[in-house]
Amino acid sequence: MLSKVYDPKPVETKWADAWQKDRLFIPCPSPKRKPFVVVIPPPNITGALHMGHALTYTLQDVLVRYQRMLGREACWAPGTDHGGIATQNVLEKALKAEGKTRADLGREEFLKRMWAWYKECGATILNQLRKLGCSLDLNPDNVRFTMDSKRAASVYEAFRSLWAKGLIYRGARMINWCSRCGTALSDIEVEHEDEKSKLWHIRYPFQDGSGSVTVATTRPETMLGDTAVAVHPEDARYKGMSGKMLKLPLTHRSIPLVADEGVEKDFGTGAVKVTPAHDPLDFEIGKRHNLEIIRVISFEGHMTKICPSEYAGLSVQAARKRIVEDLNTAGLLVKEEHYKHSVSKCSRCNQHIEPLVSEQWFVKMKSQAAPAIAAAEKEEVKFYPPSWKKPFTDWLNNIQDWCISRQIWWGHRIPAWYCRKCSGPGLKFSDRGGLSRVSFAQGAKPVVSFEKPPACPDCGGTDLLQDPDVLDTWFSSALWPFSIFGWPEKTKDLEYYYPASVLVTGYEIIYLWVARMVMSGIEHMGKPPFSQVYLHGIVRDRHGKKMSKSLGNVIDPLAMIEKYGTDAMRFSLMAQTLGGKDIPFSEETIIGGRNFVNKLYNVARFIQMYLPARPGPLTAERPDELADRWILERYAAALDRSKAAMTEYDLPKAQDALYSFVWDELCDWYLELAKPRLAGPDKEKVMGLLLELFTGSLKALHPFIPFITEELYANLKLYLDKSQATSHRSQVKPDSGEQRRAGYLLEESWPAAAVAASDASALMEELMGVITQIRTARAQFEIPPGKAINALAASNDASALSRLKAGAGYIKLLAKVENFTLGVGLVKPPRSVSAISGPFNIYVPMDGAVDLEKEKGRLAKELERVRAESAQCLVRLNDPSFAARAPAAEVEKIKARSKDSAGRISRLTIILEELSD
RNA sequence: GCGCGGUUAGCUCAGCGGUAGAGCGCCUCUCUUACACAGAGGAUGCCACAGGUUCAAAUCCUGUACCGCGCACCA
10 MLSKVYDPKP
20 VETKWADAWQ
30 KDRLFIPCPS
40 PKRKPFVVVI
50 PPPNITGALH
60 MGHALTYTLQ
70 DVLVRYQRML
80 GREACWAPGT
90 DHGGIATQNV
100 LEKALKAEGK
110 TRADLGREEF
120 LKRMWAWYKE
130 CGATILNQLR
140 KLGCSLDLNP
150 DNVRFTMDSK
160 RAASVYEAFR
170 SLWAKGLIYR
180 GARMINWCSR
190 CGTALSDIEV
200 EHEDEKSKLW
210 HIRYPFQDGS
220 GSVTVATTRP
230 ETMLGDTAVA
240 VHPEDARYKG
250 MSGKMLKLPL
260 THRSIPLVAD
270 EGVEKDFGTG
280 AVKVTPAHDP
290 LDFEIGKRHN
300 LEIIRVISFE
310 GHMTKICPSE
320 YAGLSVQAAR
330 KRIVEDLNTA
340 GLLVKEEHYK
350 HSVSKCSRCN
360 QHIEPLVSEQ
370 WFVKMKSQAA
380 PAIAAAEKEE
390 VKFYPPSWKK
400 PFTDWLNNIQ
410 DWCISRQIWW
420 GHRIPAWYCR
430 KCSGPGLKFS
440 DRGGLSRVSF
450 AQGAKPVVSF
460 EKPPACPDCG
470 GTDLLQDPDV
480 LDTWFSSALW
490 PFSIFGWPEK
500 TKDLEYYYPA
510 SVLVTGYEII
520 YLWVARMVMS
530 GIEHMGKPPF
540 SQVYLHGIVR
550 DRHGKKMSKS
560 LGNVIDPLAM
570 IEKYGTDAMR
580 FSLMAQTLGG
590 KDIPFSEETI
600 IGGRNFVNKL
610 YNVARFIQMY
620 LPARPGPLTA
630 ERPDELADRW
640 ILERYAAALD
650 RSKAAMTEYD
660 LPKAQDALYS
670 FVWDELCDWY
680 LELAKPRLAG
690 PDKEKVMGLL
700 LELFTGSLKA
710 LHPFIPFITE
720 ELYANLKLYL
730 DKSQATSHRS
740 QVKPDSGEQR
750 RAGYLLEESW
760 PAAAVAASDA
770 SALMEELMGV
780 ITQIRTARAQ
790 FEIPPGKAIN
800 ALAASNDASA
810 LSRLKAGAGY
820 IKLLAKVENF
830 TLGVGLVKPP
840 RSVSAISGPF
850 NIYVPMDGAV
860 DLEKEKGRLA
870 KELERVRAES
880 AQCLVRLNDP
890 SFAARAPAAE
900 VEKIKARSKD
910 SAGRISRLTI
920 ILEELSD
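In terms of my numbering, the first sequence opens at residue 10 and continues consecutively.
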């Protein structure tokens with residue numbers, strides 16, 4: 010006998026290995042079948058998978074397995090992402106622990122270590138995906154990496170093509186600089202956070218001694234780089250002053266007062282200091298007024314040498330403190346106010362971002378955004394939930410050029426080369442404090458080439474240097490939907506599988522990734538990379554807080570798998586991914602999943618008890634009792650509901666329909682009714698139906714909980730008629746010589762059941778109501794479940810009574826009734842408990858005396874309930890406008906309910922009166 | 001500042017126009033040979049607030065409050 014409790018671990022390991030070994034997930038293009046393609050969001054190789062990965066990959070696996078069972082050629086190609094800054098930070102952290110920096114190692118050695126890390130971490134991640142049950146073929150020949158040679162070719166081609174079209178350029182612009190990561194960032198990699206700070210009011214005196222102008226700033230240290238003070242041209246307070254010179258405090262420079270529309274009259278003093286090198290707005294003002302750009306903050310986050318010597322070299326924080334003190338001493342600090350404002354932080358390391366002017370590579374986005382917006386508007390790319398369409402198009406409508414160069418080492422190096430000779434002495438690479446920057450002579454033009462060009466096309470010089478920067482990691486991610494199929498090579502896969510069916514990912518990367526894929530798909534492939542985008546939420550802790558190490562609320566999916574099994578975790582994740590909302594997750598929700606998996610295991614155990622020793626198909630003849638007809642109807646309904654929910658990406662609903670069918674109907678009712686029949690003449694027919702329904706449920710549940718279903722099916726399928734096992738692929742995919750196990754559940758068809766409507770449900774529900782009433786009476790008077798009782802049912806409705814008579818067997822069985830008497834006008838026996846169900850009065854005689862007060866209380870409460878119901882009906886029926894305006898069916902329904910409750914009231918009243926006598 | 005969500009049982013959430021639901025937790029009874037990771041039964045809700053639309057509102061509309069989350073160059 011098998012253990013009573015299911016142990017998932019050996020089972021899950023066994024099947025995960027078998028699926029991989031038999032290479033069941035390797036897609037094979039076939040003109041006969043429509044592909045179903047899911048583009049995997051490649052996990053960054055930054056470490057182990059977290060709960061968010063578990064969610065997104067489970068979701069995708071459910072869709073892929075489901076579509077595979079519907080007969081589509083499912084393609085879900087695995088891969089990992091090099092993850093740029095995030096991954097480089099992992100290694101830098103490790104180096105720091107060794108007391109080293111990346112500069113100590115040098116670029117070449119550092120990259121060697123990064124590749125070693127990729128090998129280790131990449132393998133770990135793939136193994137974790139296998140444990141998650143993902144139906145990905147993880148054989149090395151099928152796994153992609155954003156930095157492998159094929160993807161490098163894709164990246165180069167995309168760069169070359171954009172460059173050739175003039176969509177890539179290099180120039181000095183205001184960018185976001187993270188001095189901790191040592192690199193520029195794009196706008197979306199910057200997060201904004203409210204921070205308490207101060208607003209300092211500083212007086213700038215006029216050079217001619219005619220008073221002063223007071224400016225307000227949150228960043229006093231940048232004043233050393235001020236090259237103007239700006240006011241609004243129509244600000245009366247500063248009328249006629251524009252063009253006058255001001256003395257810049259703490260320096261020996263003087264700067265002009267300029268008038269600019271960009272200044273907000275009503276803010277602060279109406280005068281703003283202008284630091285073109287360190288503020289985006291100031292940069293714009295500077296351009297309009299041709300102001301000098303003085304960079305006073307270095308890439309390392311220190312005050313530069315241009316600053317007066319007492320400040321040069323100080324950190325930004327130290328300089329701020331010192332400057333405020335000095336201004337105060339000089340009597341130029343007018344006031345200090347408490348102030349809350351939003352500051353920019355690096356999304357990778359949470360350090361303050363320094364806006365500064367720097368030469369970087371950019372992609373022009375406006376022209377690429379336009380067709381992407383159109384695709385969303387026309388729903389060629391459709392969002393689930395649809396509410397994401399607006400944020401998507403809004404962002405694209407306001408898109409800025411994309412800064413794609415990063416001053417790190419890990420990534421695709423920018424394929425641009427510079428001729429030393431042509432560029433002149435201005436071309437030089439510098440390496441300061443671990444940062445590589447390059448500066449160029451005016452007009453130096455790079456040559457775009459994947460490999461080092463043999464000679465400079467202009468002067469024939471052979472001393473060419475490659476740009477030291479690498480591309481933003483999202484540059485390669487943006488190409489993923491087609492680079493995974495080998496683009497720019499025109500492969501068969503690319504032709505068959507592009508565009509994908511659906512992209513599933515978290516909403517937090519809708520701009521970072523989704524929008525860019527849509528744009529580059531249209532740009533390079535001529536059409537959007539997928540037609541549907543399913544955006545899910547973020548896994549949070551049970552109270553909705555983001556999981557973070559510092560809060561200590563992180564749940565490790567691998568630990569949960571270890572403890573409860575993958576199926577249990579998948580089940581509980583899928584139960585909660587509704588409507589793209591964030592998912593509150595806690596360990597206890599997994600227990601629900603585990604319990605269900607255990608339930609299935611025990612149903613199988615039950616069935617196996619009655620299975621003949623020698624495997625072989627059971628009879629296909631169906632039993633035809635009420636319960637049989639009823640359960641078939643319920644089964645068909647559950648499959649329908651589940652299927653309908655799947656097409657709407659409502660996975661919780663799809664899963665729940667099957668869950669409640671199995672637990673609440675198949676187990677709680679049908680199985681119990683089947684028990685005695687399994688010892689009778691109907692045995693084989695009942696077993697046949699039970700097996701059909703249960704294996705069908707396993708099939709339908711397989712996408713959600715692949716392991717337990719595969720396991721149980723493997724044991725039961727030997728008893729199934731061959732017509733019930735229908736694989737899509739066995740015939741399309743001939744054995745490649747190797748011995749391959751056949752008959753996997755995952756290759757079966759998703760079940761179908763067509764059942765004609767009948768009265769079975771209504772009849773069954775009537776019986777269930779009576780059974781529940783008797784059970785309730787038993788429970789209220791604490792009759793032990795094992796103890797048999799007698800019961801009587803009385804009614805004036807003869808046809809109802811005959812229905813009940815037909816179902817008496819079920820009542821006796823499920824309510825544990827020994828003698829069940831029924832008839833018209835039966836008299837309530839002394840010392841009995843009463844109940845009402847539909848048209849029936851039910852009496853349950855007790856052994857001893859009945860606690861009259863308890864019984865009266867119980868019935869009085871029921872009476873009160875029915876009276877309320879009746880009153881509610883009457884209110885509506887007495888309202889003439891209800892009859893006039895409500896649909897006829899509704900009026901009929903209420904009339905029937907009213908009549909029914911009136912009858913119950915009188916019957917209850919009589920019973921209560923008799924009790925009081 | 002603009003935008004988007006949320007507010008329903010102790011907790012986490014479904015329901016989105018016709019008698020308030022699930023899971024977990026709680027209480028009672030049962031270890032009855034599928035399952036105590038179970039079975040049977042039970043308690044628990046002014047469905048955030050205020051107006052409106054409707055024969056009928058948790059459900060639609062309009063406001064308000066509180067809580068989240070995006071986007072945004074007001075120094």
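Each residue gets a CB set at the ideal place from its N, CA and C atoms; glycine is no exception.
Keep in mind it's a predicted model, so treat the numbers as computed, not measured.
Start and end residues, beta strand (DSSP E) containing residue i
i, result
"T514", "509-515"
"D550", "548-550"
"V542", "539-545"
"I845", "841-846"
"V849", "Sequence inspection shows Phe at residue 849; the Val mentioned does not correspond to that position. Note, F849: beta strand (DSSP E), 849-854."
"K692", "That residue, K692, is in no beta strand (DSSP E); its alpha helix (DSSP H) goes 692-710."
Residue i classed as buried or exposed, judged by whether at least 16 other C-beta atoms fall within 10 angstroms
i, result
"C37", "exposed"
"E634", "buried"
"I413", "buried"
"D70", "buried"
"G442", "Confidence at G442 is low in this model, with a pLDDT of 36, below 50, so the placement of that residue is unreliable and no value is reported for it."
"C468", "exposed"
"S12", "exposed"
"C183", "The question names Cys, but residue 183 is Met in the sequence shown. With 16 or more other Cβ atoms within 10 Å, it is buried."
"K694", "buried"
"P17", "buried"
Contact under 7 Å by Cβ, residue i with residue j
i, j, result
"Y506", "C84", "yes"
"I792", "A824", "no"
"A280", "V343", "no"
"R32", "E82", "no"
"A645", "Y679", "no"
"A237", "L300", "yes"
"T500", "F491", "no"
"L648", "V764", "no"
"Y543", "Y15", "no"
"L521", "W483", "yes"
"K282", "D235", "yes"
"T284", "T338", "no"
"T192", "Q416", "yes"
"A181", "E309", "no"
For residue i, the first and last residue of its enclosing alpha helix (DSSP H)
i, result
"G180", "That residue, G180, is in no alpha helix (DSSP H); its beta strand (DSSP E) goes 177-187."
"K9", "The chain is shown from 10 up to 926; residue 9 falls before or after that span and cannot be answered."
"V884", "861-887"
Collapsed DSSP secondary structure at residue i in the structure displayed
i, result
"R81", "coil"
"G88", "strand"
"K590", "coil"
"L917", "helix"
"Q409", "coil"
"Q617", "helix"
"W209", "strand"
"K501", "helix"
"S486", "helix"
"A761", "coil"
"W28", "helix"
*Should the segment 615-628 be called in touch with the segment 576-592, which here means at least 3 C-beta pairs below 8 Å?*
no
*State whether the segment 528-538 contacts the segment 376-392, with contact taken as three or more CB pairs (one from each stretch) at a distance under 8 Å.*
yes
*Between the segment 803-819 and the segment 873-884, do three or more beta carbon pairs fall short of 8 Å?*
no
_Inter-stretch contact at 8 Å, needing at least 3 Cβ pairs: the segment 463-478 / the segment 47-65_ = no
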